[in-house]
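Once you know that position 83 of the sequence shown is 81 in the working numbering, the rest is easy, because the numbers rise by one and skip nothing.
Contents: one structure, followed by commentary.
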Amino acid sequence: MTFGIVLGVNALTKNDDVKVEKEAKVLLNDTWYFTGSTSDDPELASNYSLSSTGLPPCGATKEVICQIQAPNSGGQPDMNAPVDGTTVQQQIHDAQESIKDGVPTENTTVTGFRPE
């Protein structure tokens, strides 16, 4: 009987050896359209819409951010969502800086530019 109790206690203390892998949370992106102009902040979630109605189309002229890919957070893009080791907001900032530098550059988040 003592042998059985020792085995039972041993089995209970082996829980440290069991590794539980957590599922990675997958964020689904929506396409968001920047509704502002060059005087509006593209890093503000409130300046985006899921609809491009009434907005100039994305195109070859690259003066303003046109569209981004980001998860939906309460009807606005989630600016804090992780992407490529940074955030949606940081990628928008980097793309905005590239416009100011005269070399507009798309990235994982910013997928298009348009004329003002």
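Here a beta-carbon is modelled for each residue, glycine too, at the ideal position from N, C-alpha and C.
Expressed to the nearest angstrom, what Euclidean distance is found between the alpha-carbon atoms of residue i and residue j?
i: Gly34; j: Leu53; result: 9 Å
i: Glu95; j: Gly83; result: 19 Å
i: Gly100; j: Leu25; result: 32 Å
i: Met77; j: Gln87; result: 5 Å
i: Leu48; j: Tyr31; result: 6 Å
i: Thr85; j: Asp39; result: 16 Å
When DSSP labels each residue in this structure, what does residue i get in the three-state scheme?
i: Gln65; result: strand
i: Asp76; result: coil
i: Asp92; result: helix
i: Ser47; result: strand
Take the Cβ of residue i as the centre, count every other Cβ of all protein chains shown within 10 Å, and call the residue buried at 16 or more, exposed below.
i: Val81; result: buried
i: Gly57; result: exposed
i: Val108; result: buried
i: Lys98; result: exposed
i: Pro113; result: exposed
Name, in chain order, the residues that DSSP records as bridge partners for residue i.
i: Val108; result: Ile66
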